[in-house]
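2 protein chains.
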Amino acid sequence: MHVTSEQRFDDDVLEREFILDGIPGFLWTPESASASAPAPLIVISPPPLGLDKMYPRLAGRARYYAAEYGFAVATIELPGSGDRPRLAVLDQARADLRRTVEAGEPVSGEIVDALILPLVEKAVPEWRATLDALLARPEIGGPVGYEGGIISIGVRLAAIEPRIAAAGLFAGSFVPATIVEEAREVTVPLQVLLQWDDEGNDRQAALDLFDAFGSREKTLHANMGGHTGVPKFELDAGARFFARHLK
Amino acid sequence: MHVTSEQRFDDDVLEREFILDGIPGFLWTPESASASAPAPLIVISPPPLGLDKMYPRLAGRARYYAAEYGFAVATIELPGSGDRPRLAVLDQARADLRRTVEAGEPVSGEIVDALILPLVEKAVPEWRATLDALLARPEIGGPVGYEGGIISIGVRLAAIEPRIAAAGLFAGSFVPATIVEEAREVTVPLQVLLQWDDEGNDRQAALDLFDAFGSREKTLHANMGGHTGVPKFELDAGARFFARHLK
Chain A
77 MHVTSEQRFD
87 DDVLEREFIL
97 DGIPGFLWTP
107 ESASASAPAP
117 LIVISPPPLG
127 LDKMYPRLAG
137 RARYYAAEYG
147 FAVATIELPG
157 SGDRPRLAVL
167 DQARADLRRT
177 VEAGEPVSGE
187 IVDALILPLV
197 EKAVPEWRAT
207 LDALLARPEI
217 GGPVGYEGGI
227 ISIGVRLAAI
237 EPRIAAAGLF
247 AGSFVPATIV
257 EEAREVTVPL
267 QVLLQWDDEG
277 NDRQAALDLF
287 DAFGSREKTL
297 HANMGGHTGV
307 PKFELDAGAR
317 FFARHLK
Chain B
77 MHVTSEQRFD
87 DDVLEREFIL
97 DGIPGFLWTP
107 ESASASAPAP
117 LIVISPPPLG
127 LDKMYPRLAG
137 RARYYAAEYG
147 FAVATIELPG
157 SGDRPRLAVL
167 DQARADLRRT
177 VEAGEPVSGE
187 IVDALILPLV
197 EKAVPEWRAT
207 LDALLARPEI
217 GGPVGYEGGI
227 ISIGVRLAAI
237 EPRIAAAGLF
247 AGSFVPATIV
257 EEAREVTVPL
267 QVLLQWDDEG
277 NDRQAALDLF
287 DAFGSREKTL
297 HANMGGHTGV
307 PKFELDAGAR
317 FFARHLK
C-alpha cells in the first residue's frame with residue numbers, strides 16, 4: 077500500500093490517497109485510531125462511475141463515520157472504472173444493455189450476468205487483498221463492515237469472506253440469479269436500503285433478494301423516491317447499524 | 077384530567093397515572109419539561125390487552141423517550157380493554173374471528189371491519205380529547221408524535237388530526253379496506269415497522285398499505301421474526317425518527 081498524498085481536515089480525520097497493486101483508493105482514519113486503540117474498519121465499494129466523480133459523496137460519508145463514530149473507512153476504484161484499464165467484456169455488456177433499453181425490450185438474464193458477474197469475479201479478490209493490507213496497519217482493527225452500491229459484490233464478499241461482520245447494502249437492479257442463490261449463504265447482520273420508486277430497480281426483485289438472505293438479523297429500510305433520493309438520515313442509521321456490530 | 081398517583085424514577089422521569097372522562101391513562105414527563113421549555117409530546121396507543129398487562133413494555137418505551145430524548149409521553153386505555161366496560165360489538169367480532177380461524181377459514185372483510193372499525197370510531201375521538209387535555213398542560217407542547225399498535229387507529233388519527241406531525245406505526249393484520257383508502261390522505265412523515273414473518277399478518281397486505289400512504293417521507297423498517305420479535309434497536313430508531321420531526 078503506497079500512500080501518494082495525505083491531508084488532515086478540521087474534523088481531525090486524516091485522509092490518505094493510496095495505490096495498492098495498481099488500484100487507487102482512499103483511507104480515512106479518525107485521530108483516535110492508534111496501535112493501542114485500533115479503529116474498526118468499514119469498506120465502501122463505490123458505484124462504477126469513477127472515484128474522481130464519486131469523491132465528494134464518498135468522502136462525506138467516510139468522514140462522518142470517522143469523525144462521529146471513530147471508524148476507519150476505505151474505498152478502492154472498481155475494475156474498469158475511473159483511470160483503471162477498461163474491461164472489454166463490461167463495455168460490451170453496457171453497450172448491449174443500452175441498446176436493449178433504448179429498444180424498449182426487457183433486459184435478459186444473459187445481459188444481467190454479463191454486466192455483473194465479471195465485475196464480481198474481479199472486484200471480490202481485490203477487496204480481499206485490500207482487507208489484508210488495511211488490517212495489517214496497526215491503527216486499523218477488525219471486525220470489518222462492508223457497504224456498497226453494486227449489491228452483487230457485497231453478496232459474494234459477505235458470503236465468502238469471514239472478516240466481514242456486517243453489511244450495509246443498497247438494493248440495486250440487475251442481480252444475477254446465481255447471486256440470489258449466494259445470498260442464502262450470507263449469515264452476517266444486514267441493513268438493506270431500498271428506494272421504493274427506483275426507476276432502474278424492480279421493487280419485487282429487491283424484496284425477493286432481501287427475503288433470500290440467510291442472515292438471522294436483517295433489516296430493510298425502504299424510503300420514498302428514486303435511485304439517487306436516499307434520505308440524509310440514512311447516513312446516521314447506517315453508522316449506528318455498524319456501531320452495533322463492529323464495536 | 078385527574079391525577080390519581082405519581083412517582084419519580086431514578087432517571088428523573090415523573091410518571092403520573094390519570095383518569096380523563098373515565099378513561100385511565102399514564103403520562104411520563106422528563107424533569108426538563110417546564111412552562112418555559114415544554115416537552116414535545118408522543119402519544120402511544122396500546123394494543124388491546126389492557127394497560128395493566130402492557131405496563132412494563134409501555135413504561136419502558138416511554139421512560140426511554142423521556143429520559144434520553146426529552147419527550148413527554150402519554151397512553152390511554154383502549155375502548156373495551158382493561159377495566160373499561162366491554163364493548164358487545166367487539167366481543168362478538170372477536171368470537172367470530174376465533175371461530176373462523178379455528179375452522180381454518182379465511183378471515184372475511186366483514187369480520188375485519190367488525191373487529192376494527194368500532195374501535196377506530198371510539199378511540200380516535202378519545203385520543204383527540206386527550207390531546208386537548210395534555211396540550212393544555214404548561215409543561216407539554218406540540219407538535220405531537222403518534223405511535224401505536226392498532227395501525228387503523230393511527231391511520232384515521234393521522235389523516236384527520238392536524239396536531240399529529242409524525243407517526244410511528246406497526247404494520248398489523250386486519251386493516252379494513254376503507255382504512256387503506258384513508259391512508260392515501262395521510263401526509264405526515266411515517267416510520268412503519270413490519271415483522272417479516274409475522275404469523276398473524278399478511279406481508280403483501282402490509283406492503284400494499286405502506287405503498288398507499290400519501291406521505292412524501294415514509295420509511296419502512298422490515299425486520300426478521302414474528303409479531304412480538306421487533307428488535308430492541310428499533311426503540312432508538314423510533315426515538316430518532318420523532319426527534320427529527322418534533323424538535
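Chains as they are written, first to last, in my numbering: chain A, 77 to 323; chain B, 77 to 323.
Ideal Cβ placement from N, Cα and C applies to all residues, glycine included.
Under the three-state reduction of DSSP, which class applies to residue 176 of chain B: helix, strand or coil?
When DSSP states are grouped into helix, strand and coil, residue 176 of chain B belongs to the helix group.
Who are the Cβ neighbours of residue 314 of chain B in its own chain at under 6 Å, not counting the five residues just before and after it?
244
Near-chain A residues of the stretch 88-117 of chain B - C-beta to any C-beta below 9 Å:
none
Can you give me the start and stop residues for the alpha helix (DSSP H) that residue 228 of chain B sits inside?
227-236
Chain A contact for residue 295 of chain B (CB, 9 Å cutoff):
yes
Can you give me the start and stop residues for the alpha helix (DSSP H) that residue 198 of chain A sits inside?
185-211
Which residue from A:178, A:266, A:237 puts its Cα closest to that of residue 206 of chain A?
A:237
Within chain A, partners of residue 299 of chain B - CB distance below 9 Å:
Close partners of residue 299 of chain B in chain A (Cβ separation under 9 Å): 293, 294, 295, 296.
Could you please tell me which residues of the stretch 240-265 of chain B, in chain order, have their CB closer than 7 Å to any CB of chain A?
For the stretch 240-265 of chain B, the set of residues with a beta-carbon nearer than 7 Å to any beta-carbon of chain A is empty.
So what does DSSP say about residue 102 of chain A, is it helix, strand or coil?
strand
Looking at residue 91 of chain B: is its Cβ nearer than 9 Å to the Cβ of residue 84 of chain B?
yes
Residues bridged to residue 297 of chain A [DSSP beta-bridge criterion]:
A:269, B:297
Please work out which residues of its chain come closer than 7 Å, Cβ to Cβ, to residue 146 of chain B, disregarding the five sequence neighbours upstream and downstream, and give them in chain order.
Closer than 7 Å at the Cβ level, and outside the excluded window around residue 146 of chain B, lie 106, 108, 115.
Return helix, strand or coil for residue 245 of chain A, following the three-state DSSP convention.
In this structure, DSSP gives residue 245 of chain A an extended state, which the three-state scheme calls strand.
Residues near residue 261 of chain A by beta carbon distance below 7 Å, same chain, minus five either side:
235, 290
Would you tell me roughly how many angstroms separate the C-alpha atoms of residue 256 of chain A and residue 196 of chain A, rounded to the nearest one?
13 Å
Is the shortest distance between the beta-carbon of residue 219 of chain B and the beta-carbons of chain A less than 9 Å?
no
Taking a cut of 9 Å between CB atoms, which residues from the stretch 308-321 of chain A lie near chain B?
309, 310, 312, 313, 316, 317, 320
Is the separation between the beta-carbon of residue 250 of chain B and that of residue 268 of chain B shorter than 9 Å?
No, Cβ-Cβ distance for residue 250 of chain B and residue 268 of chain B is not below 9 Å.
From the DSSP output, which residues share a beta bridge with residue 83 of chain A?
A:91
Can you find at least 3 beta carbon pairs, one from the stretch 148-156 of chain A and one from the stretch 207-219 of chain A, that sit closer than 8 Å?
yes
How about residue 228 of chain B and residue 193 of chain B: are their beta carbons less than 9 Å apart?
yes
Give me the residue from A:223, A:198, A:240 with the minimum Cα distance to residue 217 of chain A.
Of the listed residues, the one whose Cα sits closest to residue 217 of chain A is A:240.
Let me know the secondary structure DSSP gives residue 151 of chain A once reduced to three states.
strand
Assuming residue 115 of chain A is part of the alpha helix (DSSP H), what are its boundary residues?
Here residue 115 of chain A belongs to no alpha helix (DSSP H); instead the beta strand (DSSP E) covers 115-121.
At a Cβ threshold of 9 Å, is residue 283 of chain A touching chain B?
Yes, residue 283 of chain A lies at the interface with chain B (some Cβ there is under 9 Å from its Cβ).
Taking the continuous beta strand (DSSP E) assigned at residue 219 of chain A, which residues delimit it?
216-224
Report yes if the C-beta distance between residue 129 of chain A and residue 163 of chain A is below 9 Å; otherwise report no.
no
Alpha carbon to alpha carbon, what distance is there between residue 189 of chain B and residue 277 of chain B?
16 Å
Candidates A:131, A:275, A:125: which alpha carbon is nearest residue 103 of chain A's?
For residue 103 of chain A, the nearest C-alpha among the options comes from A:131.
What does a CB cutoff of less than 7 Å around residue 296 of chain A pick up in its chain, not counting 5 residues either side in sequence?
268, 270, 286
Segment limits, alpha helix (DSSP H) that includes residue 321 of chain B
309-322
Taking CB distances under 9 Å as the criterion, tell me whether residue 147 of chain B reaches chain A.
Residue-level contact check: residue 147 of chain B does not touch chain A, since none of the beta carbons of chain A fall below 9 Å from its beta carbon.
In the DSSP assignment, what are the bridge partners of residue 255 of chain A?
Bridge partners of residue 255 of chain A: none, in fact.
Pick helix, strand or coil for residue 283 of chain B, following the three-state DSSP scheme.
helix
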